Every structure is written in C-alpha cells, then in structure tokens.
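Each residue of the sequence shown is one higher than the last, beginning at 1 in full-length UniProt numbering. For each residue, glycine too, the CB sits at the ideal point set by N, CA and C. Treat the numbers as computed from the prediction; the structure is a model and nothing was measured.
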Amino acid sequence: MSPRPTDPASPAAFPAARPRRLRHTAALRDAVRETSLAPGDLVAPLFVKEGLDEPQAVPSLPGVQQHTVDSLLAEAKELRALGIRTLLLFGIPAHKDADGSEAWNPDGILQRALAALREAYGHDLVLAADTCLDEYTDHGHCGPLDSAGHVRNDDANEGYARAAVSQARAGADLVAPSGMMDGQVAAIRRALDEAGFAERTAIMSYCTKYASVLYGPFRDVAESAPSTGDRRGYQLDPANADEGVREALADAGEGADVLLVKPATAYLDLVHRVKEATGLPLAAYHVSGEYAMLQAAAERGWIDGPAVAEEVALSLRRAGADLVITYAAAEIARRLA
Ligand code: PBG
C-alpha cells in the first residue's frame, strides 16, 4: 500500500469529513442524536362504547378495543405505567340521530368516560376528547346535512361548540375538533369562553386533515362510516399542500392551542411545513390504516411491527411533531423502557 496522501488538495486525499467517526460507539451516537422519542410524546387513541358489558375487539384494528368505562380505566392505568399520559378519547353512543345530539348529552358515554378518568386519576393524565359528530349522526357525516346531502357548516359548528362545552364540563383538558368545518375553532373557543372555560380548556385542532383512504379501520371501531357519499366535501384533497398550511394558519388565528396533521407518514411534508409556519405545538396522527398495514405485515413476520412503529414515531418527531398519536403507543413505550 502506498502512504496515505495527507495534502487535502491532492485529488487522492482521503476525505477530511468522515461522518462515521460519530457513529463509532453507541455512546457517541447518543451524544449527537438530534431527535428524542419518549413515552410522554405519545398519545393513545381510545374508544368507549355505550351499552357494552365486555370490551370488544375489532378485527380490522388488532390490539384496539371498544371499551366499557371500566376496561377503559384499566387500560389508562396500564398506559400511565408505561409513561403515556395523554389519551385521545372517542365515544360511540347507543343512539344516533340526524343531528348527532348525543354528542352534547351531559350524561353521554364520552362525558361519563371523561368524568370517570378524571375521578380515578386526577390531573396525572391529559384527557383529550374528540369533538366531532360522525360517531353520533345516523348518517355518519361530521355534521347535519342539507337536502342535497352536504354538511351544513355553521350548524355543525354549533354542535361542536355544544359538545366541546359538555366535554370541558366532564373534565377534558383538550377538545379536539376533527370535522374540518370552516370556523370550527372560533366557534368552539367562543362557546368555551362563554361557559367559563377560557383559562382551563385548550383546543387541539385537526387543522390539516385529508380526505384519506386510510381511515377505514377507524370507522369500523368508531362505527362512523358515512352511509352515503364521502368526506371530500369537507376534508382536504390529498393533492394540496399549500391549502393544508393555510388551514393551519387559519386555525392558529382562531385560537387553536395545538395543531394536528393527519394522516402522518404520507404527509410528512405537511408535518414539517405546519410546524415551520406556525410554531405551535403540533400533533401528527398515525391513523388506523397506517397502523393496520404495519400490523398485517408484522403478523406475517415480514417486519418487526413494534420496531417499525417506533421508527415511524421518531420520524414524525424529526419532521416537526411534538406529539405522536398512535395505536402502537403501548408497543412503542415498551420498547423505549
Ligand atoms: C372523524 C375522525 C376520523 C378519524 C379520527 N376522527 C375518521 C374520519 O374522518 O372519517 C380517523 C382516525 C384514524 O383513521 O385512525 N371524527
């Protein structure tokens, strides 16, 4: 071997920059790690269904249950033991109607679940409540319909506002409007303030939510598939990124405290851009279809499911998400322990 050229100007010189130097030991890699992922960054979506005697598994979303209030309390305890403190709660009512009026029943299933969690765990947990009507309407759309089958925007907002106030009364720290109606954050903020929750209840707005084909398994769990049509009249077109940023800026202007991008992995550009544009706390929702794909491949032994879920969560954090909402929260937290 000829001696190694040391003149960096020599075309044969070895590179001065050798990034591998910092990858040489685990401790070094740790020292230069840019992004962290901890159980406290994870949010677990949980479903509670009225009238169940026993928790019920859902075939298209393995590992996810429709809970009773009791089994929900038990799962919350397990999640807390793993370091997960934020829960995103969805209610499935026994009775649905055209307006979704069970959503603001003070004795509704979600309200009872919130109160029970608050009673059992105090403020050790952060309770977020889904503020939408699709689980509550008999037609499965996110608000009341006009005669042509379009959601009536301002009437939907009225329902969200009533639901949000009843969720705040039941103990929610965060209300999370997911219906993509124009002005939903302003309507909810005004109603919360008028009801005395100006200082206590924050809004996590699904500002940048796409009309994705990845929500199928969720609709099985939440029993919220639209009976006719789809949600393209209110959710964003997957082709549009600038519009997704505009939606985020609008919600920030209306007083949203936390923003949310959904789905996650195919929309990392939006996670990044929304964070850059607003600087607000940001959640990314790794949705049911994304999770189901991981689970299916893992079941076949094609991938290591929890390891992939952890990498996905880390990548969402790297792109700009503060919080990662994922059905794999417990699996990931177990790996991090
Ligand atoms: C609607 C809502 C949906 C999800 C969360 N809130 C479904 C939809 O828009 O049809 C989907 C979440 C998931 O797929 O995991 N309120």
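Go to residue i, then tell me how far its alpha helix (DSSP H) extends in each direction, as first and last residue.
| i | result |
| --- | --- |
| Y291 | S288 to E299 |
| F218 | G216 to A222 |
| I332 | A329 to L336 |
| P281 | Careful: P281 lies outside any alpha helix (DSSP H) and carries neither H nor E. |
| G83 | Premise fails: G83 is in no alpha helix (DSSP H) and is neither H nor E. |
| G320 | Unbroken run through G320: none, as it is neither H nor E. |
Got a sec? Which residues, its chain only, sit under 8 angstroms from residue i by beta carbon, not counting five neighbours each side?
| i | result |
| --- | --- |
| L46 | H67, L72, E75, A76, L87, L88, L89 and F90 |
| Y210 | Q235, L236, D237, P238, G244, K262, P263 and Y267 |
| L282 | V258, L259, L260, V261, V271, V274, K275, G320, A321, D322 and L323 |
| T35 | L314, R317 and R318 |
| A115 | A170 and G171 |
| I188 | T131, N157, Y160, A161, A164, V175, P177 and I203 |
Along the chain, where does the beta strand (DSSP E) that runs through residue i open and close?
| i | result |
| --- | --- |
| D53 | From DSSP, D53 is part of no beta strand (DSSP E); its letter is neither H nor E. |
| G91 | T86 to I92 |
| I325 | L323 to T326 |
Which residues in the same chain as residue i place their Cβ atom closer than 6 angstroms to its Cβ, once the five residues preceding and following it in sequence are excluded?
| i | result |
| --- | --- |
| V308 | L294 |
| E247 | C207 and T208 |
| N153 | M181 and D182 |
| L174 | A128, A202 and M204 |
| D107 | none |
| D146 | R152 |
| D155 | P144 |
Excluding the five sequence neighbours on either side, which residues of its own chain have a C-beta within less than 7 angstroms of the C-beta of residue i, listed in chain order?
| i | result |
| --- | --- |
| H95 | E102 |
| A297 | I303 |
| R232 | A211 |
| G196 | none |
Can you check which of these residues, the options, is closest to residue i by C-alpha distance?
| i | options | result |
| --- | --- | --- |
| G51 | P62, D99 and I109 | I109 |
| L214 | A225, I92 and M204 | A225 |
| R273 | Y285, G320 and A57 | G320 |
| D97 | Y121, R118, P106 and L133 | L133 |
| S60 | G289, R334 and R189 | G289 |
| P39 | R18, H24 and L79 | L79 |
| G143 | L37, E158 and L28 | E158 |
| A222 | R23, R189, M204 and V64 | V64 |
| M204 | F218, G179 and S227 | G179 |
| P217 | V287, A250, E199 and L145 | V287 |
| T131 | L117, P177 and H141 | P177 |
| A161 | K49, P93, R190 and V126 | R190 |
| Y136 | I92, Y121 and Y285 | I92 |
| Y327 | P15, D124 and A44 | A44 |
| E254 | E119, R334 and Q184 | Q184 |
| E311 | I332, A292, L192 and G301 | I332 |
Residues whose Cβ lies closer than 5 angstroms to any heavy atom of the ligand PBG, in chain order: C132, D134, S178, Y215, F218, V287 and S288
Ranges of the beta strand (DSSP E) found wholly within the region 230–277, counting only runs of at least 3: 258–262
Start-end ranges of the beta strand (DSSP E) lying completely within the region 162–225, minimum 3 residues: 174–177 and 202–209
Contiguous alpha helix (DSSP H) assignments of at least 4 residues, all confined to the region 10–77: 26–31
Alpha helix (DSSP H) segments (min. 4 residues) lying fully within the region 86–158: 109–121
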